[in-house]
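Take a look at the structure below.
In the numbering used here, the protein residues as written are 1 to 529.
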């Protein structure tokens, strides 16, 4: 093995050349740890080092840029050492959400940060992760800036820009130094989004908005002119994440091909209304239509009959967050509020439920939100005892005898965190003991096949298990026609060929089928005339 700079022989595992002093360590593409030359895997995180040295590959990523506003004024007012200390602490705060949501910091550029979601490790929801990270970065930045302003009188703000698109990802550099990064126009447009964002705001491109608007509220701003583009580009500012009841898809075609499953769910609902608690399981691959079936069932059957519907969703990047699902459920139970739930908001809600001990109930429900108890009585309890009381309190509100018939809809349970899984087991046990007490309750759970075991088996509950199958070719063609709003027959041969190929590629998966047709219409390859 030879040094790439001077060709002097070196031993495996050497970090610096003994002849010319060149750095021989390779930077891990995931955690940026410097590994000895020739390492196959990162000694810190275990990621294959081939990703850092191999040829570039084409992939779709979301690029995040953030820049600090007020840095120049701070540099003029404070000593350079103080500025360096503040910037380092600020960057520590800003990068924490990036890694929390599965992204990596690509580089620091002065007072700016470039991060990537989707390389070297890709997730199916990288745009959602990137936007969630950007939102949390702004919240953390405001807290940091408030404390800094009190001490120095200087106010720092950050601008964040996001763009999603195709890049070439791989090692870039010369023989002395090569770093894993991404290149392409996607990066340039992400930088333009950041430059056009207002201080303290987030700006995303049209593509990032399209991929995340099912779970975020956006407002469109005036288009911006981007270098190298003949037309101004559309830009959007996120206003807030959608609640579980607001989750939707971009275009919702006609509900097709699930009438049998819908009928079985309606029969289960009737049994629940008669006082036999029901557990309905919707199992299927990603995009197969579990969520759509649940929405149609709730809209057609549960809500018209006066059922109270509570919704909670598991997120892939919250599998390690304690009580993430349970907290989502409590948020939907209590209702919308400005900012995160606190003791005051919980106490007010408990008072509205005619609680005899609203302060105590609020503290116990706050346990699932990570809020420390304030009363001396609860502070002295052992963690197991506090957990048991919190579970009883939340269960009591969900199964209150005077409450309206209740349906609990839980989505994506294949990503449930372990703490919430334990709460679900205790709740299902309590629900089974309610059988015969005439309290209508139905638990509607949706998960992928890898989520088997997310809910415990309980013989006290009546279970309806539905494996959601792919659509038939006839239903798939009807879905395409509904998606394209085609009223009459289309006999054009090329369109018939397109239908056949689209149905074959999607393999009966309605989400993939709609995405395939949408990509053809967006690119102009399919035009309705």
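Don't be surprised by glycine CBs; every beta carbon is placed ideally from N, CA and C.
Fair warning: this is a prediction, and the values are worked out from it, not measured in the lab.
Next on the checklist: Just to confirm before moving on: does the CB-CB distance between residue 233 and residue 206 stay below 8 Å?
Outcome noted: Mapped onto the chain shown, residue 233 falls at position 233. Mapped onto the chain shown, residue 206 falls at position 206. It is a contact, given that the beta carbons lie within the stated cut-off.
Checklist entry - Beta carbon of residue 467, beta carbon of residue 283: below 8 Å? => result Along the chain shown, one-based indexing puts residue 467 at 467. Along the chain shown, one-based indexing puts residue 283 at 283. Yes, the pair counts as a contact, with Cβ atoms nearer than the cut-off.
Checklist entry - Which residues in the same chain have their Cβ closer than 7 Å to the Cβ of residue 253, if we skip the five residues on either side of it in sequence? => result For the purposes of this step, residue 253 is identified with residue 253 of the chain shown, where counting begins at 1. Within the same chain, residue 253 has close Cβ partners 479, 482, 483 and 514.
Checklist entry - Excluding five sequence neighbours on each side, which residues of the same chain lie with their C-beta closer than 6 Å to the C-beta of residue 114? => result Position 114 of the chain shown, counted from the first residue, corresponds to residue 114. Excluding sequence neighbours, residue 114 sits near 65, 106 and 107.
Item to check | Limits of the unbroken alpha helix (DSSP H) element including residue 242 | outcome: Counted from its first residue, the chain shown places residue 242 at position 242. Note, residue 242: premise wrong, no alpha helix (DSSP H); not H, not E.
Next on the checklist: DSSP three-state label for residue 93, please.
Outcome noted: For this step, residue 93 is matched to residue 93 along the chain shown. Helix, per DSSP.
Checklist entry - Mapping DSSP to helix, strand and coil, what is residue 313? => result Reading the chain shown from its first residue, position 313 is the one you call residue 313. Of the three classes helix, strand and coil, the one that applies to residue 313 here is strand, per DSSP.
Checklist entry - Among 420, 121, 465 and 74, which has the Cα closest to the Cα of residue 321? => result The residue you call residue 321 lines up with position 321 of the chain shown. Among 420, 121, 465 and 74, the Cα nearest to that of residue 321 belongs to 420.
Checklist entry - Just checking my contact of residue 281 with residue 262 at CB under 8 Å: how many whole Å lie between their CB atoms? => result Translated into positions along the chain shown, residue 281 becomes position 281. Translated into positions along the chain shown, residue 262 becomes position 262. Incorrect: roughly 15 Å between the Cβ atoms, too far for contact.
Checklist entry - Between the Cα of residue 228 and the Cα atoms of 195, 185, 204 and 258, which residue gives the shortest distance? => result The sequence position of residue 228 within the chain shown is 228, counting from 1. For the residues 195, 185, 204 and 258, the minimum Cα distance to residue 228 belongs to 185.
Next on the checklist: Tell me which residues share the same chain as residue 236 and place their Cβ nearer than 6 Å to its Cβ, disregarding the 5 neighbours each side in the sequence.
Outcome noted: The residue labelled residue 236 in the question sits at position 236 within the chain shown. Same-chain partners within the cutoff: 204, 209, 218 and 220.
Checklist entry - Can you name the residues that DSSP bridges to residue 218? => result As a first step, residue 218 is located in the chain shown; it is residue number 218 there, counting from the start. Note: residue 218 sits in a beta bridge opposite 238.
Checklist entry - Grouping DSSP H, G and I as helix and E and B as strand, with all else coil, what is residue 532? => result Any property of residue 532 remains undetermined from this structure, which presents the chain solely from 1 to 529.
Item to check | Unbroken stretches of the alpha helix (DSSP H), 4 residues or longer, contained in the segment 169-211 | outcome: 185-196
Next on the checklist: Our contact map puts residue 159 next to residue 69 with C-beta atoms below 8 Å; I'd like the distance itself, whole angstroms only.
Outcome noted: Your numbering for residue 159 matches position 159 in the chain shown. Your numbering for residue 69 matches position 69 in the chain shown. Residue 159 to residue 69, Cβ: 6 Å. Contact.
Next on the checklist: Tell me the DSSP secondary structure of residue 69 in three-state form.
Outcome noted: On the chain shown, position 69 is the one that residue 69 refers to. In the structure shown, residue 69 sits in a strand (DSSP, three-state: E or B).
Checklist entry - For residue 232, which three-state DSSP category applies? => result Position 232 of the chain shown holds residue 232. It is coil, neither helix nor strand.
Checklist entry - Anyone know if the C-beta pair for residue 58 and residue 118 falls short of 8 Å? => result Reading the chain shown from its first residue, position 58 is the one you call residue 58. Reading the chain shown from its first residue, position 118 is the one you call residue 118. Contact flag unset, no.
Next on the checklist: Distance check for residue 333 and residue 305, CA to CA, integer angstroms please.
Outcome noted: Taking the first residue of the chain shown as position 1, residue 305 is located at position 305. Taking the first residue of the chain shown as position 1, residue 333 is located at position 333. If you draw a straight line from the Cα of residue 305 to the Cα of residue 333, it is about 19 Å long.
Item to check | Span separating the alpha-carbon of residue 372 from that of residue 109 | outcome: The sequence position of residue 372 within the chain shown is 372, counting from 1. The sequence position of residue 109 within the chain shown is 109, counting from 1. For residue 372 and residue 109, the gap between their C-alpha atoms comes out near 39 Å.
Item to check | Extent of the continuous beta strand (DSSP E) run through residue 465 | outcome: What you label residue 465 is simply residue 465 of the chain shown in a count that begins at 1. Note, residue 465: beta strand (DSSP E), 462-467.
Item to check | Nearest-angstrom Cα separation, counted from residue 446 out to residue 291 | outcome: Mapped onto the chain shown, residue 291 falls at position 291. Mapped onto the chain shown, residue 446 falls at position 446. Taken atom to atom, the span from the alpha-carbon of residue 291 to that of residue 446 is near 7 Å.
Checklist entry - Can you tell which of 525, 495 and 469 has the C-alpha that lies nearest to the C-alpha of residue 511? => result The residue labelled residue 511 in the question sits at position 511 within the chain shown. Nearest option by C-alpha distance: 469.
Checklist entry - CB-CB under 7 Å to residue 249, same chain, minus the five flanking residues each way: which ones, in chain order? => result Here residue 249 refers to the residue found at position 249 when the chain shown is read from its first residue. The predicted model places residue 249 with a pLDDT of 44, which falls under 50 and marks its position as unreliable; any figure quoted below should be read in that light. Cβ neighbours of residue 249 beyond the five flanking positions: 214.
Next on the checklist: For residue 503 and residue 495, I'd like the C-alpha separation in whole angstroms.
Outcome noted: Along the chain shown, one-based indexing puts residue 503 at 503. Along the chain shown, one-based indexing puts residue 495 at 495. Computed Cα separation, rounded: 12 Å.
Checklist entry - Taking the Cβ atom as the reference point for each residue, do residue 599 and residue 474 lie within a distance shorter than 8 Å? => result No statement about residue 599 is possible, as the shown extent of the chain runs from 1 to 529 and does not include it.
Checklist entry - How many Å lie between residue 86 and residue 388 at the Cα? => result For the purposes of this step, residue 86 is taken as the residue at position 86 of the chain shown. For the purposes of this step, residue 388 is taken as the residue at position 388 of the chain shown. Using only the alpha carbons, I get a separation of about 43 Å.
Item to check | Straight-line Cα distance separating residue 286 from residue 313 | outcome: Here residue 313 refers to the residue found at position 313 of the chain shown. Here residue 286 refers to the residue found at position 286 of the chain shown. Straight-line Cα distance between these residues: approximately 15 Å.
Item to check | Integer Cβ distance of residue 326 from residue 341, believed to fall under 8 Å | outcome: Locating residue 326 in the chain shown gives position 326, counting from the first residue. Locating residue 341 in the chain shown gives position 341, counting from the first residue. The Cβ separation is near 12 Å, so there is no contact.
Checklist entry - To the nearest whole angstrom, what separates the beta carbons of residue 307 and residue 404, a pair I think is in contact under 8 Å? => result What you label residue 307 is simply residue 307 of the chain shown in a count that begins at 1. What you label residue 404 is simply residue 404 of the chain shown in a count that begins at 1. At roughly 7 Å, the Cβ-Cβ gap stays under 8 Å, so residue 307 and residue 404 are in contact.
Item to check | Whether residue 189 touches residue 167 by CB criterion (8 Å) | outcome: Walking along the chain shown from the start, residue 189 turns up at place 189. Walking along the chain shown from the start, residue 167 turns up at place 167. The beta carbons of residue 189 and residue 167 sit no closer together than 8 Å.
Item to check | For residue 116 and residue 63, the rounded distance between their alpha carbons | outcome: Stepping through the chain shown from its first residue, residue 63 is reached at position 63. Stepping through the chain shown from its first residue, residue 116 is reached at position 116. Distance between the alpha carbons of residue 63 and residue 116 is about 5 Å.
Item to check | Straight-line gap, residue 397 to residue 141 (C-alpha atoms, nearest Å) | outcome: On the chain shown, residue 397 is found 397 positions in, with the first residue counted as 1. On the chain shown, residue 141 is found 141 positions in, with the first residue counted as 1. Straight-line Cα distance between these residues: approximately 36 Å.
Item to check | Closest by C-alpha distance to residue 429, when choosing among 347, 303 and 461 | outcome: Against the chain shown, residue 429 aligns to sequence position 429. Of the candidates 347, 303 and 461, 461 places its Cα closest to the Cα of residue 429.
Item to check | Three-pair Cβ contact test at 8 Å for the segment 134-151 versus the segment 90-101 | outcome: yes
Checklist entry - For residue 82, which of helix, strand or coil comes out of DSSP? => result What you label residue 82 is simply residue 82 of the chain shown in a count that begins at 1. In the structure shown, residue 82 sits in a helix (DSSP, three-state: H, G or I).
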